[in-house]
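**Q**
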Amino acid sequence: MKAELENYKSNEVNLNVSEDISILYIVQHELLNQKEVEFAGVVLKHQLKEDFSFRIVTKKSKPLDVLHKALQSSSDNAVKVKEMIESEINKEKSAGSA
148 MKAELENYKS NEVNLNVSED ISILYIVQHE LLNQKEVEFA GVVLKHQLKE DFSFRIVTKK
208 SKPLDVLHKA LQSSSDNAVK VKEMIESEIN KEKSAGSA
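Be aware that the sequence shown starts at 148, since it is given in this note's numbering, and climbs by one per residue.
1) Please state if the CB of Gln181 and the CB of Val213 are separated by a distance shorter than 8 Å.
2) Short check: CB of Glu185 to CB of Ser165, under 8 Å?
3) Nearest to Leu191 by CA position, among Tyr172, Ser220, Ile236, is which residue?
4) Comparing C-alpha positions only, which one of Asn158, Asn163, Ser157, Tyr155 sits nearest to Lys149?
5) What are the boundary residues of the alpha helix (DSSP H) that includes Asn224?
6) Is the CB-CB distance between Asn158 and Lys206 below 8 Å?
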């Protein structure tokens, strides 16, 4: 993943990100669940390239702190999903061998 800081203000950050958009949507979802976030959006810059503009606007909080919190929450949720899937697979394996 490649991310470049395009613009930074006390309550706003614009990042240029080269990553699959589905990852950015997950982070955007986590950002929008935070009360201190006014806006979080992802825009595809060009149809043939995976270059996205990722903008975060907060009420008062530092946008990079809010982004870090959203990234951690996204990561935690991914671990939970992985554990649930592994648990179900193990149940199926146990039921199949019985």
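Using N, Cα and C, we set each Cβ at its ideal position, and we do this for glycine too. Quantities reported herein were computed from a predicted structural model and do not represent experimental measurements.
**A** Let me lay it out:
1) One-based indexing of the sequence shown puts residue 213 at position 66. One-based indexing of the sequence shown puts residue 181 at position 34. The answer is yes: Cβ separation under 8 Å.
2) In the sequence shown, counting from the first residue as 1, residue 185 sits at position 38. In the sequence shown, counting from the first residue as 1, residue 165 sits at position 18. In this structure, Glu185 keeps its C-beta atom at 8 Å or more from the C-beta atom of Ser165.
3) The residue given as residue 191 occupies position 44 in the sequence shown. Answer by Cα proximity: Tyr172.
4) Taking the sequence shown and counting its residues from 1, one reaches residue 149 at position 2. Among Asn158, Asn163, Ser157, Tyr155, the Cα nearest to that of Lys149 is on Asn163.
5) Within the sequence shown, the letter at position 77 stands for residue 224. Where Asn224 is concerned, the enclosing alpha helix (DSSP H) stretches over 210–244.
6) Counting from one through the sequence shown, the residue named residue 158 turns up at place 11. Counting from one through the sequence shown, the residue named residue 206 turns up at place 59. Cβ distance < 8 Å, so Asn158 and Lys206 count as in contact.
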